[in-house]
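Heads up: the sequence shown is residues 98 to 196, going by this note's numbering.
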Amino acid sequence: MQAGDSRFLQELTELQDLDSPLFKLWDREHDRRLSQRLLTIVERRFQPSTREAFRRVAIECQPAQEAADELGHSVNAVVVAKCRVLRELRREGQGLPAP
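Encoded structure:
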């Protein structure tokens, strides 16, 4: 696709429309990549068991009780792990410009 191509121009126009499927896809992909990058930055601050509890509950939406049972932790430990990682993600992301 070339810069002067009418399809390219149409896609640029769609990216400006907040209700267009292309804009929504772009926005979701941006958020996903940003979240992954922030997680990469903060994950080394935590023990592997904390990271795994966070991943299961916050990313994979596994119930805390189920994750706790599988990991051999208390439900409280899993919830605390999730909260600790989320707090660091928020702290790290605070300097980013608002969308």
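Every residue, glycine too, gets a C-beta built ideally from N, C-alpha and C. It should be emphasised that the depicted structure is a prediction, and the values quoted were computed from it without experimental measurement.
Sequence-distant residues of the same chain with beta carbon closer than 6 Å to R148, five excluded per side | Correct list, in chain order: E140.
Go ahead and label K179 buried or exposed: buried means 16 or more other beta carbons lie within 10 angstroms of its beta carbon, across all protein chains shown.
-> Buried: at least 16 other Cβ atoms inside 10 Å.
Could you tell me which of R142, I138 and R181 sits nearest to A155, measuring between CA atoms?
-> Minimum Cα distance to A155 is reached at R181.
Could you tell me how far apart the beta carbons of E126 and L119 are, in whole angstroms, since I believe they sit closer than 8 Å?
-> Not confirmed; about 11 Å, so no contact.
Neighbourhood of Q107 by C-beta distance below 6 Å, restricted to the same chain and skipping five residues each side = Hits under 6 Å: none found.
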